[in-house]
Amino acid sequence: MPGSSTIRPLEVWAGVESTVNRVGDQYFDQLERNGHATRISDLDLFAELGISAIRYPVLWERTAPNGVANADWSWADERLQRLRELGIRPIVGFVHHGSGPRHTSLVDPAFAEGLAEFAGAFAQRYPWVEHYTPVNEPLTTARFSGLYGHWYPHGRDGLTFARALLTECRAIALSMQAIREVNPAAQLIQTEDLAKIFSTPLLAYQAALENERRWLSLDLLCGRLTPDQLTGGYLLECGIKEAELQLFLDHPCPPDVIGINHYLTSDRFLDERMDRYPTWSHGGNDRHQYADVEAVRVDHPGASGHRVLLQEAWERYGLPLAVTEAHLGCTREEQLRWLKEIWQTAQELRSTGVDVRAMTAWSLLGAYDWNILVTRADGFYEPGVFDLRSPKPRPTAIAHILQALATGRDYDHPVLEQPGWWRRPERMFYPPAPGCSYARVNLAETEISSAIASGLDARVRPLVITGATGTLGSAFARLCDIRAIPYHLVTRQDMDIADPASVDRVLTELNPWAVVNAAGYVRVDEAEHEQDACWRENTDGPATLAMLCAQHGVALLTFSSDLVFDGAGSIPYVESNLVSPLNVYGRSKAKAEIRVLEALPSALVVRASAFFGPWDEHNFVTVALRQLAAGQTFVAAEDAIVSPTYIPDLVNASLDLLIDGEYGVWHLANPSAIAWSDLAQMSAKLAGVDACRLEARPTQELGLAAARPSYSVLGSERGVLLPPLEDALSRYLHEGKILS
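Residue numbers for the sequence shown, in this note's numbering: 32 to 771.
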């Protein structure tokens, strides 16, 4: 165990996801996709977080694709100078999961010298830069490029993997040598994903090899990998020469800081009982066939996580450490829980003498298509510290926690009182490993889960959800259960939202951090002759909630409708468009918006349209499919154009916005502009239902009491947060039991 050293204050770093990887002849460039390539103003947003350093890309492929002599440094000139002005230290990366310009590759003998030439030219131009990551995660990149075939040069054998790894490590060493000829004080911040492997007893030999193999890049750079070690022998068996290993022993280039990147999907579990797992997980080696799945999804002895990985790296190398990527693609509270857990773990380890220097929020601008390992450009986006689905990067709640941690303040939010999904029983998809018991593991976790679902723990401020008997209220409760957000779902008998005394009593008793008003009068046609009842529930009730929430210091989320518009337009309505409702229901909602925001300017008012979802029996899509599947006639308007809203998407996005602290009017609908009859037609086609009994008619023939706008499509000038309609319909059909 290395001796303790003087430990500096824990810093907050950040990073921009900047992968430029190659698949075949196509390059996937995250900087182009996230817009940072052309948006220098991002740097000022980053500075507002209070970060002390940033992992920043000046990538070989982008800067000098045609050789260093033809390099274009203008992009780096502007951005590095601005970072310097802002007082943020850049940790410059040259290759981020890439393979260099088109003329080279990870198995090209000239790759290392080529990168070193680029690094030397960079150092000459920017001698003040002191921190470098010449190649990000060399082991991971070698595995994906040389062993699994995902990225160029698409190798699927041990020699290609080993050659790529040694090429990258040699490129790191030569690059740092070239840099230090200019700036002897330059430091190497070497990152790696130190995933752990777990297994059944039969496959312990494979797990042992992979668990030792995960240290390969760091062992090589530190000059400690010898041929007689397990992984040294492995590389020799792959076809590497002893002289190549000796080169690293003779010329070590140890990191000044080891950067640990850890993702929940990285740790794996190997099991020869393949019938227990999906076919996509099946694989093997020369001795056994086995399933390879995410370890977090299996009940098994042992655990990984940042605490274990940082402790292992400290004991193995005795070098300063940092968490150089902290990101979770999930709902907002889980992202916050992940970040807070890492921060607390780092602080606890520091108190025992482990020299952890920083935690790095990754990625500032989110990431694209990492769910498919960036092998295609499907457009799947995971928000990060900022959400790019708005016209300009919108700070999320992650920005707020970073600002607090960077300035030495604690960040507290009621959603952080519950464990992340990786610590709850629902994480487990597969049967337990030998020697494990679900009963033993689940007992304590089930107790935790029950407390989460009921929200009865008096120490935790819950969410209060109105509308217990309605579609929207029950959907919020269902998804709060899944997201481990404590809540109280209240009926009108529990709390009459239009009665100030009733609202005051409940807010006093429950002390919620927020109220979600999912109650209301929803019968649009009946409202024409039940105006008092509609007005009381839709206008007086939300206004009363807003007034009492303001008095109690409680956040409020309430819902409005596309029917606040008159349909005179022909382009999607955005939040700032003037309202002009045609019916009593629409007028009640429009007036509620005004009164709520007057009483509580920080309230979040979400306009949505044409709900459909997998959990209720009466929405338009479900009724249409069931009637058509039964051979019955279904009539729908052919001239009323709407933007339907999938309830799970609506609820999840609304909760994220609420946690982010957003306020004012937001439009949330699955992007589309479709007539009701066409919605029924599309749904039937996706469900494989014969739509021959569908009758499309003009709205005026449907005998509706309330006037409807002919066009009430919702767009947004604040952010398009929901996926397209066809994507939502596909998930609706998959998730629900619509035709059963």
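Where is the CB? At the ideal position from N, CA and C, for every residue including glycine.
A residue is called buried once 16 or more other Cβ atoms fall within 10 Å of its Cβ, and K620 is buried on that count. Ranked by Cα distance from V329, the options G600, I690, A737, P462 are led by P462.
Put simply, the backbone Cα of V339 is about 26 Å away from that of G397. A distance below 8 Å separates the beta carbons of V720 and L659.
Your pair R133 and I71 does not check out as a contact, with CB atoms roughly 27 Å apart and the cut at 8 Å. Our two residues, P286 and L717, have alpha carbons roughly 54 Å apart in a direct line. Burial check for S601: the Cβ neighbour count within 10 Å stays below 16, so the residue is exposed.
By the Cβ neighbour-count rule, I672 is buried, with 16 or more other Cβ atoms within 10 Å of its own.
Note that the C-beta distance between I203 and L267 is not below 8 Å. Counted as a single uninterrupted DSSP element, the beta strand (DSSP E) harbouring H698 occupies residues 695 to 698. Judged by DSSP secondary structure, P88 falls within the beta strand (DSSP E) whose first and last residues are 84 to 88. The three-state secondary structure of S230, taken from DSSP, is strand. A Cβ-Cβ separation of about 5 Å places G746 in contact with V605 under the 8 Å criterion. C-alpha of W345 to C-alpha of V288: approximately 11 Å in a straight line.
In this structure, S703 places its C-beta atom within 8 Å of the C-beta atom of S674. Distance between G617 and D593, taken at the CA atoms: about 8 Å. Among the bridge pairs identified by DSSP, D60 is matched with V51.
Bounds of the alpha helix (DSSP H) holding W369 are 363 to 382. By the criterion of a C-beta distance shorter than 6 Å, L295 is surrounded in its chain by V327, W453, once the five residues flanking it on both sides are discounted. According to the DSSP assignment, Y518 belongs to the beta strand (DSSP E) that extends over 518 to 521. When DSSP states are grouped into helix, strand and coil, W345 belongs to the helix group. Taking each of A464, L735, D73, S607 in turn and checking the Cα distance to D323, the smallest one comes out for A464. Here S394 has G46, V47, E48, H358, G415 as same chain residues with Cβ atoms under 7 Å from its own Cβ, once five neighbours each way along the sequence are excluded. Inter-segment contact for the stretch 49 to 63 and the stretch 399 to 412 is present: three or more beta-carbon pairs are separated by less than 8 Å. In this structure, the alpha-carbon of V123 lies about 41 Å from that of P309. Between R420 and V637, the C-beta spacing is not below 8 Å.
Look at the beta carbons and you see the stretch 85 to 102 touching the stretch 148 to 161: at least three pairs across the two are nearer than 8 Å. Per DSSP, the continuous alpha helix (DSSP H) segment holding R194 begins and ends at 189 to 213. Ranking S206, E568, P729 by CA distance to the CA of S708 puts P729 first.
Shown here for F142: same chain residues with a beta carbon closer than 7 Å to its own, the five before and five after excluded, namely G131, T135, S136, T198, A202 in chain order.
Here F417 carries a strand assignment [DSSP, helix/strand/coil].
DSSP places L764 within a helical segment (H, G or I) once states are collapsed to three.
The DSSP-derived three-state label of P426 is strand. Counting only residues of its own chain and dropping the five nearest sequence neighbours on each side, D73 has a CB closer than 6 Å to the CB of H67. Scanning its chain for C-beta atoms nearer than 7 Å, with the 5 sequence neighbours on each side dropped, one finds around L341 the residues I291, L352, L380, V385, V387, in chain order. In this chain, the beta strand (DSSP E) harbouring P121 covers 120 to 127.
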